[in-house]
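Chemist: As numbered in UniProt numbering, residues 1 to 727 make up the sequence shown, in order. Using N, Cα and C, we set each Cβ at its ideal position, and we do this for glycine too. My questions all concern the structure below.
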Amino acid sequence: MIEDSPFVAAAPVLVPMPAERPYTYAVPPGMRVVPGSIVRVPLGPRQVAGIVWDGVVETVDPKKLRPIEEVFDCPPIDKAMRRFVDWIAQYTLSAPGMVARMLLRAPEAFDPEPWIEGLQRTLAEPDRLTDARRRVLETAEGGLAWTRSGLAHAAGVSSTVIDGLRAQGVFETVMIPPRPVVAAPDAGHAVPELMPDQKAAAEKLRAAVAADAFNVTLLDGVTGSGKTEVYFEAVAAALDKGRQVLILLPEIALTHAFLERFQDRFGAKPAEWHSDLPPKMRERVWRQVAEGGVRVVAGARSALFLPFKELGLIVVDEEHDPAYKQEDRVFYNARDMAVVRGHIGGFPVVLASATPSVESRVNASQGRYHRAVLSSRFAEAALPDLKSIDMRRAPPARGGFLSPILLEQMQRTLERQEQSLLFLNRRGYAPLTLCRVCGHRFGCPVCSAWLVEHRFRGQLVCHHCGHNERRPEACPECGTLDHLVACGPGVERIAEEVVAHFPEARTIVLSSDLLGGVRRLRLELEAVANGEADIVIGTQLVAKGHNFPGMTLVGVVDADLGLANGDPRAAERTFQLLSQVTGRAGRTGKKSLGLLQTYQPDHPVMRAIVSGDSEAFYEREIAERERAALPPFGRLAGIIVSAATRGEAEAHARGLRRAAPQASDLFVLGPAEAPLSLIGGRHRFRLLVQGERRADMQGFIRAMLADGPKLRGSVRVQVDIDPQSFL
């Protein structure tokens, strides 16, 4: 075993590759490593970063061992994080090295940040005192060190004035430590006045933090009830205890508004962590988190793998959101892994949502989680009146998709100079383009999916592999000109219809694939919040926690869309999405309305949303899950077999099915072609393993993979424990 402090002759090192165990490396004389040390080691012809791991060093001829090249001057990865990596690898059936890879994504941060050259006032005086020099000397009073450009900017002078004073010995050169990426948050800054139910919930969260032990609290509050302000009190309590805090958010687009709210409460912004962060800033955040300088991080799911020095609280905002599930390389759900991280580290976790997942509601009802409820909106603002529009009785005009009832309410909203939101969870202009003459449908050449028309860009795009092509004038099958027709609506087509009905209105489309990316999306969300748009047409992005003060009408264009597939979570997802999007209306107290266009007004999901009886929906959904032994009352795992040919994929999948061990509490369904049977030129078959809650799912699948056919040719196998997607 490697102890926590000694010199050793050999050490196990976990490297970021699909290896099932650490590799053994020699420790050169005079080099000191401990478990968690980040080191540089040779791996084949390359040099890679790795982590010295726990465990027994294999007995290997020392002459065959390659040496560790370097120990980085970096805080070691602590024991809790190493246990977390091992736990995720075991649970998700992933190679530990691939989990560790997520820890090592900022290689430039392994070395200390360089100190900065600065200036400090000496006792010398300048030969003459101009106004500019006087301002510089007044600014530099107090003995603080300044950067050259910072002092010039603060004093309102040019850099040449600073250079002249330095030449005369008025300033001397000193080295300044690297600047923090964000200022330290102040738990006592701008403490809010909370409503009575907010106070009660905040007290529960403060008590959970004060207990200094693992516990989970589900903060369950209707949209607009002030959940953020409540969990900020838990953040303040953790900061007062000298602990670091991680706040997980489901979408990058949410972070800008969140950062402003955080700054208003704590006097400083938290550090950000997401894929849109520039590489240099990622490295600085990683390093300062490891050293303990950054006290609060707001980030996407990958922030779970930051090397916190003193982590004492995790908050998962919008805990129900599917964006927390990663489905690439290592398949994991960040919400569930946050709970595991809290359990291993012995600190509290807060899950916040207006529409909690069924799993979290069941955990709360069974006593595994505490539950704090906010049943009314902040400042007694009323929830929107919700009504369904039966599209069989009030259909849209020919060629349109908006019911006359919805259009009439939009007109009234415009007359009141208030905002409307139209929600449709379909990007682009139309989900299918076909030829009226021969019936040719435009499909992706490497996926079993239709190409989505994006009329703003003049392209047909596959939303699965990214393939795109220009929209032709003539049918490629029969050559007929001007007979291509768009079938069904996307947000761009709804925008076209809105402009035709309301040409004077300021209309904006919000979708993740619009040109300009996240930066443009943030600006447009800000514009909507500032009242600079009359009608907003958006995808699910608009359903996620935004606060639009002027929004009083929400129309859901196709409320049935999410119910049209065989996903066992379809009803729950539809309920959550529609509840969230209608919750954008009336958040500042104005009378508001939500309209759901549906062909199934009597569907239990529609009835639950319109009646506002979420408890009835959860009771029914939980009872159905229990009857079917579906999560959280049973366990599921998906196994996806893909290959370059259909025959290879099917043969391997059938071989795995035959290798499944006999078990009374687990059984295998399939193999069957996946609903999306071809993605990126790879044919896909699925098996579904279902079993009892306490069944050894991982052991069953390990045995199945070990006894099944070996991977050959182009075949790949992915295991998805607790799948969220069934495509």
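Determine the burial state of Ser149: buried for a count of at least 16 other Cβ atoms within 10 Å of its Cβ, exposed for fewer.
Modeler: With fewer than 16 Cβ atoms within 10 Å of its Cβ, Ser149 is classed as exposed.
Chemist: Alpha carbon to alpha carbon, how far is Arg658 from Tyr618? Give it in angstroms, no decimals.
Modeler: When rounded, the distance between both Cα atoms is 38 Å.
Chemist: Rounded to whole angstroms, what's the CA-CA distance from Ser714 to His683? Just pull it up for me.
Modeler: Cα to Cα, the separation comes out at about 10 Å.
Chemist: According to DSSP, is Met391 helix, strand or coil?
Modeler: Coil at Met391, not helix or strand.
Chemist: So Arg243 packs on Leu129, CB below 8 Å; how close in whole Å?
Modeler: About 49 Å separates the two Cβ atoms, so there is no contact after all.
Chemist: Residue range of the alpha helix (DSSP H) that Asn333 falls in?
Modeler: From DSSP, Asn333 is part of no alpha helix (DSSP H) but of the beta strand (DSSP E) over 330-333.
Chemist: Taking Thr92 as part of the alpha helix (DSSP H), name the residues at either end of that continuous run.
Modeler: Here the alpha helix (DSSP H) through Thr92 covers 79-92.
Chemist: Does the beta-carbon of Val230 have 16 or more other beta-carbons within 10 angstroms, so that it is buried, or is it exposed?
Modeler: By the 10 Å Cβ count, Val230 comes out buried.
Chemist: According to DSSP, which residues form a beta bridge with Val41?
Modeler: For Val41, which the question treats as bridged, DSSP gives the partners Val48.
Chemist: Just to confirm my understanding: we take Val15, look at its own chain, exclude 5 residues before and 5 after, and list those with CB closer than 7 Å. What are they?
Modeler: Cβ neighbours of Val15 beyond the five flanking positions: Tyr23, Val41, Leu43, Val48, Gly50, Gly97.
Chemist: Assuming Arg427 and His463 form a contact by the criterion Cβ under 8 Å, report the distance between their Cβ atoms to the nearest whole angstrom.
Modeler: Rounded, the Cβ-Cβ distance is 7 Å, consistent with contact.
Chemist: Taking the Cβ atom as the reference point for each residue, do Leu219 and Leu351 lie within a distance shorter than 8 Å?
Modeler: Closer than 8 Å, so yes.
Chemist: Between His370, Arg716, Cys444, which lies nearest to Ile679 when the distance is taken from Cα to Cα?
Modeler: Of His370, Arg716, Cys444, the residue nearest in Cα terms is Cys444.
Chemist: Using alpha carbons as the reference points, say which of Arg398, Val717, Pro356, Val157 lies closest to Val222.
Modeler: Per the Cα distances, Pro356.
Chemist: What's the gap between the Cα of Arg361 and the Cα of Asp336?
Modeler: Taking the straight line joining both Cα atoms gives about 13 Å.
Chemist: What did DSSP end up calling Asp720 once you bin it into helix, strand or coil?
Modeler: Residue state, collapsed to three classes: strand.
Chemist: Sorted by chain position, which residues of the same chain lie with C-beta nearer than 7 Å to Glu359's C-beta, five sequence neighbours on each side aside?
Modeler: Around Glu359: Pro631, Pro632.
Chemist: Give a yes or no on whether the C-beta atoms belonging to Gln698 and Tyr91 are separated by under 8 Å.
Modeler: Their beta carbons are under 8 Å apart, which means Gln698 touches Tyr91 by this criterion.
Chemist: If you draw a straight line from the alpha carbon of Ala200 to that of Leu306, how long is it in whole angstroms?
Modeler: Near 32 Å, if we compare the C-alpha coordinates of Leu306 and Ala200.
Chemist: For a quick check, are the C-beta atoms of Pro185 and Phe266 less than 8 Å apart?
Modeler: Yes, the pair counts as a contact, with Cβ atoms nearer than the cut-off.
Chemist: Report the partner residues of Gly221 according to the DSSP bridge assignment.
Modeler: Answer is Leu374, bridged to Gly221.
Chemist: Pick helix, strand or coil for Asn215, following the three-state DSSP scheme.
Modeler: Reduced to three states, the DSSP call for Asn215 is strand.
Chemist: With DSSP run on the structure shown, which of helix, strand or coil describes residue 786?
Modeler: Here the chain has residues from 1 to 727 only, and residue 786 is not among them.
Chemist: Going straight from the alpha carbon of Gln263 to that of Glu272, what length do you get?
Modeler: Rounded to the nearest angstrom, the two C-alpha atoms are 13 Å apart.
Chemist: Is DSSP giving Thr228 helix, strand or coil here?
Modeler: Of the three classes helix, strand and coil, the one that applies to Thr228 here is helix, per DSSP.
Chemist: So, using beta-carbon positions, are Thr433 and Thr552 closer together than 8 Å?
Modeler: Contact flag unset, no.
Chemist: Spell out a yes or no on whether the region 167-174 and the region 106-122 are touching, meaning 3 or more CB-CB pairs, one atom from each, closer than 8 Å.
Modeler: These segments touch.
Chemist: Does the distance from the C-beta atom of Arg179 to that of Thr228 stay below 8 Å?
Modeler: Not closer than 8 Å, so no.
Chemist: Using alpha carbons as the reference points, say which of Gly638, Thr645, Ala644 lies closest to Asp722.
Modeler: The residue with the shortest Cα to Cα distance from Asp722 is Gly638.
Chemist: Three Cβ pairs or more, each shorter than 8 Å: is that satisfied between the region 639-658 and the region 694-710?
Modeler: Yes, they touch.
Chemist: Over the uninterrupted beta strand (DSSP E) stretch that includes Gln551, give me the two end residues.
Modeler: Just to set this straight, residue 551 is Met in the shown sequence, not Gln. Element bounds for Met551: 551-556.
Chemist: According to DSSP, simplified to helix, strand and coil, what is Glu172?
Modeler: Three-state DSSP puts Glu172 in a strand.
Chemist: In this structure, how does DSSP classify Phe7 when only helix, strand and coil are distinguished?
Modeler: Note that Phe7 scores a pLDDT of 41, beneath 50, so its modelled location is shaky; the value from the coordinates is reported in the next line. Note: Phe7 maps to coil in three-state DSSP.
Chemist: Among Ala559, Ala643, Arg646, Arg635, which residue has its Cα nearest to the Cα of Arg607?
Modeler: Of the candidates Ala559, Ala643, Arg646, Arg635, the one whose C-alpha sits nearest the C-alpha of Arg607 is Ala559.
Chemist: Which ranges does the alpha helix (DSSP H) cover as unbroken runs of at least 4 residues, wholly within the region 532-612, from first to last along the chain?
Modeler: Correct list: 570-582, 604-611.
Chemist: Residue range of the beta strand (DSSP E) that Asp513 falls in?
Modeler: Where Asp513 is concerned, there is no enclosing beta strand (DSSP E), given that its DSSP letter is neither H nor E.
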